[in-house]
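Take a look at the structure below.
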Amino acid sequence: MEIELFKFEKERYSRFDKDLMAIETACFHPNIQETTHCKKKLLTLEDAIVFLARDNKIVGESYALPLNRYKKYPDAQKLIYYYEQRNMKALYHVSLAVLPEYRNKGIGRKLLHSLLNEGRQRGYDVLVAHARIGASLALHVAFGAKVMGSYPNWFKTGDTYCLCEIPLKNSRLGDMRPKG
Ligand SMILES: CC(C)(COP(=O)(O)OP(=O)(O)OC[C@H]1O[C@@H](n2cnc3c(N)ncnc32)[C@H](O)[C@@H]1OP(=O)(O)O)[C@@H](O)C(=O)NCCC(=O)NCCS
48 MEIELFKFEK
58 ERYSRFDKDL
68 MAIETACFHP
78 NIQETTHCKK
88 KLLTLEDAIV
98 FLARDNKIVG
108 ESYALPLNRY
118 KKYPDAQKLI
128 YYYEQRNMKA
138 LYHVSLAVLP
148 EYRNKGIGRK
158 LLHSLLNEGR
168 QRGYDVLVAH
178 ARIGASLALH
188 VAFGAKVMGS
198 YPNWFKTGDT
208 YCLCEIPLKN
218 SRLGDMRPKG
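Per our numbering, the very first residue in the sequence shown carries number 48; after that it's consecutive.
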């Protein structure tokens, strides 16, 4: 299967609208799904970093925003303050999702890899995420994430999410590669 990864251009949002909402409903608990309106707003923000994976339709997404642009998670102000105090530029990973029938083929890893490299090129010090325990956390850890806290029953989804941070600078390699 040949999956194409590409950087999303906001001008083309309407072409992908339906596929992106299909990912939302297939991949996330109803309590944390974005509405059509919100998703469009987030993905078309000037400073959003968005990568999509395509087969005959969009099958995966990964996007991130400057930490102070997305405040829907618990302790948002505390986290923003934490990085401001340290003079660190932080990028918040809003979504990593792959349609169920396309999982475990390395698409999530490639999407995260692209996002990390782009974040680093744009001068961010860290990528911050609330990663769900399971494949998502495993992928973040594979790229060097440090776990900073955990949130059981995240938004009453029944799932535990871990707050984690991936450093983007001072990496030994020219391009980030997963550890191990
Ligand atoms: C997280 C997600 C995007 C991963 O996508 P994917 O394309 O399957 O990811 P990959 O195939 O690149 O890698 C998955 C890795 O997780 C591992 N994995 C899968 N299920 C796992 C589990 N329950 N616990 C730990 N690791 C797991 C796989 O072994 C694989 O690691 P490997 O490459 O070292 O073998 C996908 O599972 C998903 O969309 N989940 C639902 C949405 C979600 O929870 N998003 C994250 C919210 S923070």
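Where is the CB? At the ideal position from N, CA and C, for every residue including glycine.
With distances taken between CB atoms, is the gap from residue i to residue j smaller than 8 Å?
i, j, result
"R156", "L184", "no"
"V175", "L114", "yes"
"S197", "L52", "no"
"L99", "F75", "no"
"T204", "I180", "no"
"E108", "S142", "yes"
"V97", "I154", "no"
"K125", "G170", "no"
"F190", "L158", "no"
Just checking my contact of residue i with residue j at CB under 8 Å: how many whole Å lie between their CB atoms?
i, j, result
"A43", "L67", "The structure shown has nothing for residue 43, since the chain only spans 48 to 227."
"K88", "Y60", "Contact flag wrong, Cβ pair sits at about 10 Å."
"C211", "A178", "6 Å"
For residue i, which beta-bridge partners are listed by DSSP?
i, result
"K54", "F98"
"H84", "In DSSP, H84 forms no bridge with anything."
"S142", "Y110"
"I213", "L174"
"V194", "C211"
"I154", "Answer is none; I154 lacks a bridge partner."
Which residues in the same chain have their Cβ closer than 6 Å to the Cβ of residue i, if we skip the five residues on either side of it in sequence?
i, result
"Q80", "E71"
"P214", "V173"
"A192", "C211 and I213"
"A144", "I70, C74 and E108"
"R101", "E51"
Closest to residue i by C-alpha separation, out of the options, would be which residue?
i, options, result
"K54", "A69, N200 and T91", "T91"
"E131", "Y208, N151, V173 and K57", "V173"
"L146", "F202, K125 and N103", "N103"
"Y139", "R101, Y110 and M195", "Y110"
"K65", "E58, T83, N78 and Q168", "T83"
"E49", "K152, N78, E58 and F202", "K152"
"G166", "R101, E58, Y149 and K216", "K216"
Tell me which residues share the same chain as residue i and place their Cβ nearer than 8 Å to its Cβ, disregarding the 5 neighbours each side in the sequence.
i, result
"P121", "Y198"
"N200", "D206 and T207"
"K118", "Q124 and I127"
Leaving out the 5 sequence neighbours to the left and right, which residues in its chain are closer than 7 Å to residue i when beta-carbon positions are compared?
i, result
"M195", "L210, C211 and E212"
"N78", "F202, K203 and T204"
Practice item. Using the beta-carbon of each residue, find all residues closer than 5 Å to any heavy atom of ligand 3 and list them in chain order. Key: With respect to small molecules bound, the structure shown includes ligand 1 and not ligand 3.
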